[in-house]
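Sequence order for the protein chains is H and R. Note that the first sequence ends on residue 1177 in the numbering used here; no numbers are left out. Note that the second sequence ends on residue 1177 in the numbering used here; no numbers are left out. Quick reminder that beta carbons are idealized off the backbone N, C-alpha and C, glycines included. In what follows, a structure is listed as structure tokens, so that the remarks can point back to it.
There are 2 protein chains.
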Amino acid sequence: MNKAKRAKLQQYGWKTGDAADFLNLSPEETHYLELKVALAQYLQKKRTHKHLTQASLAKMVHSSQSRVAKMEQSDATVSVDLLVRSLFALGTSRTELARVFSQNQFKKAA
Amino acid sequence: MNKAKRAKLQQYGWKTGDAADFLNLSPEETHYLELKVALAQYLQKKRTHKHLTQASLAKMVHSSQSRVAKMEQSDATVSVDLLVRSLFALGTSRTELARVFSQNQFKKAA
DNA sequence: TGCATTTATGTCAAATATGACATATTATAT
DNA sequence: ATATAATATGTCATATTTGACATAAATGCA
């Protein structure tokens, strides 16, 4: 079970708790995964709210459209560093970022 | 001016604002640097509070003493990912981590 | 003072993340 | 339906981060 698969499963609607159990993640692995997905979702939200395309955001952060897509997909190959730097590039404050960190993501839609 | 030097200057007592001006950092670079140093300081605080040596923490996170030292020194070669995962390994909650994110570090000691 | 323990720093091969690119898939409009 | 724009996915050479190791410097303690 690799990290990519885990992230995918998350994405497809597993509640975090369920997924963590199912995938036998340690508490710290669970926290880390949840965090990355929270950052990914917030990045997408913020980008679309600003009416930016992935390509234009990519320019802002000196990256590429494909990598922005991967960020938003919580692809296992993207680092928290890149997510955080991208969010800062979108004008996110540290306080705002803190809110993303503490928020509980992934209440599965009923 | 490389990243390591920047981090060092921060460490040696510059107020963030001063250092950012002096080093010509963009707002997002400043935020990112501040964040890393905040995480580094919190990691050290948390470790010492638990009476752990760098070596023992290293074992917990499957890393090495030298890398833990570098984390706590805000060495430019350590990622936010590693810092965050180490903090989780020390039992840090996402809420707690969020507090670290929003706190303003580096009021220079008078 | 010495001696042990802890922390800091430098280096390096291996592991991982990166931007770039091609291309597939999906959405949107006419 | 078909053209166009946007997003997703796969791959790869390069760059960065990694744990490990050696060793220096600092700290504590008899």
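Chain order gives the chain R residues near H:Glu1095 as Arg1152, Phe1155 and Ala1156, where near means a beta carbon separation below 8 Å. With contacts defined as CB atoms closer than 9 Å, R:Tyr1109 and R:Val1167 qualify as a contacting pair. Chain R has no Cβ within less than 9 Å of the Cβ of H:Thr1115. Closest by C-alpha distance to R:Met1127, out of R:Lys1112, R:Val1147, R:Arg1152 and R:His1116, is R:Arg1152. In this structure H:Leu1106 is in contact with H:Leu1150, their Cβ atoms being roughly 4 Å apart against a cut-off of 8 Å. Your pair H:Lys1113 and H:Val1147 does not check out as a contact, with CB atoms roughly 16 Å apart and the cut at 8 Å. The beta carbon of R:Leu1157 sits closer than 6 Å to the beta carbons of Lys1113 from its chain, once the five residues preceding and following it are set aside; these are given in chain order. Here R:His1116 is exposed. Its C-beta has fewer than 16 other C-beta atoms within 10 Å. Counting only runs of 4 or more residues that sit fully inside the region 1121 to 1175 of chain H, the alpha helix (DSSP H) segments are 1121 to 1127, 1132 to 1139, 1147 to 1156 and 1161 to 1169, in chain order.
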